[in-house]
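Beneath this line is the structure, given in structure tokens, with notes to follow.
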Amino acid sequence: MKILGNMAKNTEVEPMSNNLNIIGFGSEIKGEVSTNGDIRIDGSLNGNITAKGKIVVGETGRIVGNVFCKQCDVFGYIEGNVNTQDILSLKVSANVNGDMVCSKLSIEPGAKFSGKCDMNQTLGEVL
């Protein structure tokens with residue numbers, strides 16, 4: 027028994043600082059989501075999401091809630107406010123209905139958004 031106790035101490039795993047999380051196509055999450063790393067959403071999220079890293083909303087991804095992150099690439103649909111510390115990229119298939127706060131904004135031809143964009147505010151550290 028003592029050996030197992032020593033082994034458990036030696037096998038502790040340190041959390042990864044830049045891990046990737048995925049909400050896959052066909053998955054549906056209801057509630058708040060928070061991560062210290064990056065996250066890709068190809069499924070559906072009904073609730074707010076906060077990430078210390080990058081959020082990618084894939085073409086099949088759908089968020090109904092507010093988004094808080096360092097960086098965000100949107101290929102899919104967001105109904106809610108998007109708040110990024112760095113760059114917000116709306117790709118050709120993006121559809122955002124809500125206000126945006128970011129320091130840099132990239133919008134590809136064909137991307138859609140309805141709301142206002144404020145590039146003068148600075149967000150504090152996410153989370």
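The sequence shown begins at 27 in the numbering used here and counts up one residue at a time.
Beta carbons: idealized from backbone N, C-alpha and C, even for Gly.
- Tell me where the beta strand (DSSP E) around ASN47 begins and ends. 46-49
- Task: Please go through the segment 71-138 and give each complete beta strand (DSSP E) segment of 3 or more residues, from N-terminal end onward.
- Result: 75-77, 80-83, 88-90, 93-95, 97-100, 103-105, 108-110, 113-116, 121-123 and 130-133
- What are the start and end residues of the beta strand (DSSP E) that includes ASP68? First-last for ASP68: undefined, no H or E at that position.
- Does the distance from the C-beta atom of ASN109 to that of VAL90 stay below 8 Å? no
- Message: Taking 8 Å as the threshold (C-beta atoms), are ASN121 and TYR103 in contact?
- Response: yes
- Message: Restricting to Cα atoms, I'd like to know which of ALA77, SER115 and ASN123 is closest to GLU134.
- Response: SER115
- Task: Determine the extent of the beta strand (DSSP E) in which GLU54 is found, giving its start and end residues.
- Result: 54-56
- Please name the residue, chosen from GLN97, SER53 and MET126, that lies closest to GLY69 on a Cα-to-Cα basis. SER53
- When the Cα atoms are used, what is the spatial distance from ILE49 to ASP64? 11 Å
- Message: Could you tell me the alpha carbon to alpha carbon distance between ILE29 and VAL127, rounded to whole angstroms?
- Response: The predicted model places ILE29 with a pLDDT of 47, which falls under 50 and marks its position as unreliable, so this point remains unresolved.
- Task: Using only alpha-carbon positions, find the residue among MET145, ILE113, SER129 and GLU105 that is nearest to LYS138.
- Result: GLU105
- Task: Select from ARG66, ASN146 and LYS56 the residue whose C-alpha is nearest the C-alpha of GLU85.
- Result: ARG66
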